[in-house]
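There are 2 protein chains.
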Amino acid sequence: MTFEVAPIASVHSPRKDLSDDFWGAVQAEIILDPAFDESAFFGLSDFSHVEVLFLMHQVNPAKVETGARHPRERMDWPLVGIFAQRGKARPNRIGLTRATIVKVDGRVLTVRGLDAIDGTPVLDVKPWMDEFAPIGAMRQPAWATELMRDYFRD
Amino acid sequence: MTFEVAPIASVHSPRKDLSDDFWGAVQAEIILDPAFDESAFFGLSDFSHVEVLFLMHQVNPAKVETGARHPRERMDWPLVGIFAQRGKARPNRIGLTRATIVKVDGRVLTVRGLDAIDGTPVLDVKPWMDEFAPIGAMRQPAWATELMRDYFRD
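For the protein sequence lines, the chains are A and B, in the order given.
Under the numbering used here, think of the first position of the first sequence as 841, with each following residue one higher.
Under the numbering used here, think of the first position of the second sequence as 841, with each following residue one higher.
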């Protein structure tokens, strides 16, 4: 059983390559597909952040990991399942990031901190609501904290 | 241009219907598809929360909103674009929620607070990392806060 998804927008970004870190200051535009008019973004500027779901289309489907691997191939980090890490080469190749809204202008949403390269197809944009934040105490392993150290740095 | 996605797991939940509120205490199982073995979940129990991406398969594609609508058809709330709200009847029908990990047992991940009904196909599971939280001050309109009041209540 499979399902079809169609991009609703595409990313225009100064970042053209798949490098790993320093996404914090990157400003990118999410431009709605011609199938949508600007009403699809009505009211979005009342929110500070969006969640962006996108297709990591440059990942070769043949390279997708379905079991466990060392994140970033760092052998000093543990062998963890593909669903216990956020690596790109994952089943369905869907990326997900919170980004800060800079402005909304018609069919163009400008955001900061989106870790998607230029040309990336966008599958959905959802407004961030505080009630959707994780509830209760948070815990993550040391390797994840180390991996993320420079990820969203300016 | 469209893309195919294939469920990686399915939701087993006591909630069988599409009612809107009180998801906070709901405990559900995310059971990996037979195509995956338990190694895909290795290390997941070192995290407290996951992000679950799922397909809201019971939404009729013909009913999907592509412009603006009043959330929950509440005429006293503003007319907002489908990408400025989290309603189900949205392009690509992808749902996204943070949930608390209760336990990981082989190919079965038990979570609390997942707002997906029984039988929902799961497209991805990602561990929550604190660094992916929204950065900077948060802001959302009053209607969203009111809508969410009972959503994740027990």
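Where is the CB? At the ideal position from N, CA and C, for every residue including glycine.
Predicted model only: the values in this text are computed from it and were never measured.
Candidates the options, of which the one nearest residue i by Cα
i, options, result
"B:Gly-946", "B:Asp-955, B:Gly-883, B:Gln-898, B:Val-920", "B:Gly-883"
"B:Thr-940", "A:Pro-967, A:Ala-973, A:Gly-959, A:Trp-863", "A:Ala-973"
"A:Glu-971", "B:Val-904, B:Gln-980, B:Gly-921, B:Glu-913", "B:Gln-980"
"B:Asp-886", "A:Leu-858, A:Leu-919, A:Ile-934, A:Val-904", "A:Leu-919"
"B:Ile-870", "B:Val-851, B:Leu-858, B:Asp-861", "B:Val-851"
"B:Asp-994", "B:Gln-867, B:Ile-957, B:Ile-934, B:Glu-844", "B:Gln-867"
"A:Gly-921", "A:Gly-935, A:Thr-937, A:Val-904", "A:Val-904"
"A:Phe-894", "A:Arg-952, A:Lys-943, A:Asn-932, A:Trp-983", "A:Asn-932"
"B:Lys-966", "B:Ala-849, B:Met-978, B:Ala-908", "B:Ala-849"
"B:Phe-881", "A:Thr-906, A:Ala-880, A:Gln-898, A:Ile-934", "A:Thr-906"
"B:Gln-898", "B:Ala-956, B:Arg-938, B:Pro-854", "B:Ala-956"
"A:Ala-908", "B:Ala-902, B:Lys-928, B:Phe-876, B:Arg-909", "B:Phe-876"
"A:Ala-982", "A:Trp-917, A:Ala-902, A:Phe-992", "A:Trp-917"
"B:Arg-938", "A:Val-948, A:Ile-934, A:Met-978", "A:Met-978"
"B:Glu-878", "B:Phe-992, B:Ala-902, B:Ile-934, B:Leu-949", "B:Leu-949"
"B:Val-845", "A:Ala-902, A:Phe-992, A:Ser-853, A:Ile-934", "A:Ile-934"
Contact with chain B by residue i, beta-carbon distance below 8 Å
i, result
"A:Met-896", "no"
"A:Thr-950", "no"
"A:Pro-874", "no"
"A:Phe-862", "no"
"A:Pro-981", "yes"
"A:Ile-871", "no"
"A:Gln-867", "no"
"A:Ala-973", "yes"
"A:Thr-937", "yes"
"A:Thr-960", "no"
"A:Ala-929", "no"
"A:Ile-957", "no"
"A:Arg-912", "no"
"A:Lys-966", "yes"
"A:Pro-847", "yes"
Alpha carbon of residue i to alpha carbon of residue j, nearest angstrom
i, j, result
"B:Met-841", "A:Pro-847", "8 Å"
"A:Gly-976", "B:Ser-888", "9 Å"
"B:Arg-914", "B:Pro-874", "42 Å"
"B:Leu-872", "B:Leu-954", "16 Å"
"B:Met-988", "A:Val-951", "24 Å"
"A:Asp-860", "B:Thr-985", "35 Å"
"B:Lys-928", "B:Met-896", "7 Å"
"A:Phe-992", "A:Phe-862", "5 Å"
"A:Ala-902", "B:Phe-843", "15 Å"
"B:Val-990", "A:Leu-936", "The sequence as given places Asp at residue 990 of chain B; Val does not occur at that position. When rounded, the distance between both Cα atoms is 26 Å."
Burial state of residue i (16 or more Cβ within 10 Å)
i, result
"A:Met-969", "buried"
"B:Asn-900", "exposed"
"B:Ala-924", "buried"
"B:Glu-964", "Residue identity differs from the one stated: residue 964 of chain B is Asp in this sequence, not Glu. Flag for B:Asp-964 reads buried."
"A:Arg-926", "buried"
"B:Lys-856", "exposed"
"B:Gly-959", "exposed"
"B:Lys-943", "exposed"
"A:Leu-858", "exposed"
"A:Glu-891", "buried"
"B:Arg-930", "buried"
"B:Pro-961", "buried"
"A:Pro-911", "buried"
"B:Ala-865", "exposed"
8 Å Cβ cutoff, residue i in contact with chain A
i, result
"B:Leu-954", "no"
"B:Gly-883", "yes"
"B:Thr-940", "yes"
"B:Val-851", "no"
"B:Ala-880", "yes"
"B:Asn-932", "yes"
"B:Gly-946", "no"
"B:Glu-986", "no"
Opposing strand residues paired with residue i [DSSP bridges]
i, result
"A:Arg-938", "A:Glu-891"
"B:Val-851", "B:Ile-870"
"B:Ala-908", "B:Gly-921"
"A:Lys-856", "According to DSSP, A:Lys-856 bridges with nothing at all."
"B:Arg-952", "B:Gln-867, B:Thr-940"
"A:Asp-945", "A:Val-948"
The ligand SAH heavy atom lying under 7 Å from the CB of residue i
i, result
"A:Gln-867", "Of the ligands one can find in the structure shown there are none, so the ligand SAH has no counterpart to examine."
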